[in-house]
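To start, the structure under review is shown below, and the notes come after it.
Numbering (the numbering used here), first residue to last: 731 to 1216.
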């Protein structure tokens, strides 16, 4: 072997090692952030027993995290592009880890909600940078596989939240659903400092007006939806939140259309690929989050399962990504990501619709099982190719923005899903009796199924892998997804 060949081989080995470390570090960090979306769902009855609180307080233990996560994701990505992605990733991970400890130590429901909100801030800085750091570390030829693994890990984290939360709640304490993050965070911090390379974006100035408009608008809408059932839909605070939030979001869209360096350039949505996958992501998370939030309580409060039993019985849904995600990755490599994502969304919608038809005050587990399995297969088919569809829809220098936007819309969907479906549940039923709970659960699940079905339609609008369109900016042509998995 010549010296030149040996040198090239050595460099390739180093690059592969760096890519593996990047995948491990970003995968663990993404798992932590995604896990905390729904890890509290099976712990809600125990939290309510220990700390008190009404339904809207329980909603906020979920929504306080997803809301701050959602509204600051794009800002977190912009901070990383401006000041260094590795540096801000470390800062976000440190905040997330510290807030997890604060949540575990919370003496009351209000302090728990506050700690969850700070967790969301840390996750918002950390999460979008996982994908940009991974993109920088992995050679282009292997990114499809890396994105598939990254997406499957994050999907598994979201879906396994109820099982992990239920097991820890029953066998240790609900506090340990938050303590779990601390040793993981402490272990990942030095690894990230040593193994990840620093990188920067375009260096554009931070979009403070856009951040304020998006944050205020989303907070107003979610606040109104969460408080509506308790305070009344015509109460001044609820109406103010809904109308002011809508106005601020309209201002955010206008700002993104005319500003020189907006946090989210609206021109990106002229790409059918970018618009389609983001619309699908928002609606998918709306239906999935709201359904898991209510079904976890149904299995415990109505059917009488323990937290661990409830989590285990949801495993055909939540554990399916481990089995199906590799198959989904192979399929997307061969036929493209669009049909795989669309098929997954329609299966998820069918599973939720089936569950809505069989839930009763005394439903057997065997009656629910087909719906759980179908939902799990659908979720796995969606998660595996989705990240590659997002990243291949934009230019390399805009991948930080694209990652932040997609993650933000997913989290917005989750927050809206919990708020909207809880509102429907409260309007049609409640906690007074098992039958009363089922009366509220059925229409909520039908709503979730409809939202995910519309997500499937949105996925079908994504162009095929050989279709080429243009993004209207400075006259530069940009291919719609043509990479593997598109």
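Note that beta-carbon positions come from the ideal geometry of N, C-alpha and C, so glycine has one too.
Going straight from the alpha carbon of residue i to that of residue j, what length do you get?
| i | j | result |
| --- | --- | --- |
| residue 1051 | residue 801 | 27 angstroms |
| residue 761 | residue 887 | 5 angstroms |
| residue 770 | residue 791 | 8 angstroms |
| residue 829 | residue 848 | 6 angstroms |
| residue 1147 | residue 1067 | 25 angstroms |
| residue 1055 | residue 757 | 15 angstroms |
| residue 776 | residue 904 | 7 angstroms |
| residue 1153 | residue 1023 | 12 angstroms |
| residue 948 | residue 975 | 6 angstroms |
| residue 822 | residue 1097 | 43 angstroms |
| residue 1094 | residue 1164 | 14 angstroms |
| residue 1172 | residue 869 | 47 angstroms |
| residue 813 | residue 852 | 16 angstroms |
| residue 1145 | residue 924 | 35 angstroms |
| residue 750 | residue 998 | 31 angstroms |
| residue 1006 | residue 1091 | 38 angstroms |
| residue 837 | residue 781 | 8 angstroms |
| residue 898 | residue 755 | 24 angstroms |
| residue 1281 | residue 987 | Look at the range of the chain in this structure, 731 to 1216, and you will see that residue 1281 is not part of it. |
| residue 1004 | residue 902 | 43 angstroms |
| residue 966 | residue 1015 | 29 angstroms |
| residue 1081 | residue 928 | 43 angstroms |
| residue 883 | residue 1108 | 15 angstroms |
| residue 1043 | residue 1104 | 14 angstroms |
| residue 914 | residue 895 | 16 angstroms |
| residue 806 | residue 917 | 22 angstroms |
| residue 1162 | residue 1073 | 38 angstroms |
| residue 811 | residue 748 | 20 angstroms |
| residue 922 | residue 1113 | 25 angstroms |
| residue 850 | residue 832 | 13 angstroms |
| residue 867 | residue 809 | 19 angstroms |
| residue 799 | residue 1106 | 25 angstroms |
| residue 1035 | residue 1045 | 14 angstroms |
| residue 1118 | residue 824 | 28 angstroms |
| residue 1069 | residue 1029 | 33 angstroms |
| residue 1025 | residue 1083 | 13 angstroms |
| residue 1089 | residue 1077 | 18 angstroms |
| residue 1126 | residue 908 | 35 angstroms |
Would you grab the beta carbon distance between residue i and residue j for me? Rounded to a whole angstrom, and I think it's under 8 angstroms.
| i | j | result |
| --- | --- | --- |
| residue 937 | residue 996 | Rounded, the Cβ-Cβ distance is 12 angstroms, inconsistent with contact. |
| residue 1178 | residue 1017 | 4 angstroms |
| residue 968 | residue 950 | Incorrect: roughly 10 angstroms between the Cβ atoms, too far for contact. |
| residue 911 | residue 827 | 6 angstroms |
| residue 863 | residue 819 | 6 angstroms |
| residue 989 | residue 958 | Not a contact, Cβ separation roughly 32 angstroms. |
| residue 991 | residue 1135 | That pair is no contact at about 15 angstroms. |
| residue 1033 | residue 982 | The Cβ separation is near 43 angstroms, so there is no contact. |
Residue j and residue i - do their beta-carbons sit closer together than 8 angstroms?
| i | j | result |
| --- | --- | --- |
| residue 1101 | residue 890 | no |
| residue 880 | residue 753 | yes |
| residue 1150 | residue 1012 | no |
| residue 1137 | residue 858 | yes |
| residue 1192 | residue 1064 | no |
| residue 873 | residue 795 | no |
| residue 1121 | residue 861 | yes |
| residue 1175 | residue 1086 | yes |
| residue 1170 | residue 1160 | yes |
| residue 774 | residue 788 | yes |
| residue 1189 | residue 1010 | yes |
| residue 1058 | residue 1132 | no |
| residue 1115 | residue 1168 | no |
| residue 956 | residue 1156 | no |
| residue 946 | residue 978 | yes |
| residue 893 | residue 1020 | no |
| residue 856 | residue 759 | yes |
Taking Cβ positions only, does residue i come closer than 8 angstroms to chain D?
| i | result |
| --- | --- |
| residue 816 | No chain D appears in the structure shown, which is made up of a single protein chain. |
Requested in this report: Just list the alpha helix (DSSP H) runs in the segment 1117-1182, keeping only unbroken ones of 4 residues or longer that don't cross its boundaries, in chain order.
Outcome: Those alpha helix (DSSP H) runs which fall completely within the segment 1117-1182 and span 4+ residues are 1129-1158.
**Report entry** Minimum length 4: unbroken alpha helix (DSSP H) runs contained in the segment 908-958
**Finding:** 911-925
Report task. Taking only runs that begin and end inside the segment 820-908, name each unbroken alpha helix (DSSP H) of 4 or more residues, in chain order. Result -> 839-867 and 873-901
Query - Contained alpha helix (DSSP H) runs [length at least 4] in the segment 977-1036, N- to C-terminal order - result: 1002-1027
**Report entry** Whole alpha helix (DSSP H) elements within the segment 1062-1109, 4-residue minimum
**Finding:** 1067-1088
**Report entry** Entirely enclosed alpha helix (DSSP H) segments - the segment 767-795, minimum 4 residues
**Finding:** Counting only runs of 4 or more residues that sit fully inside the segment 767-795, the alpha helix (DSSP H) segments are 774-781, in chain order.
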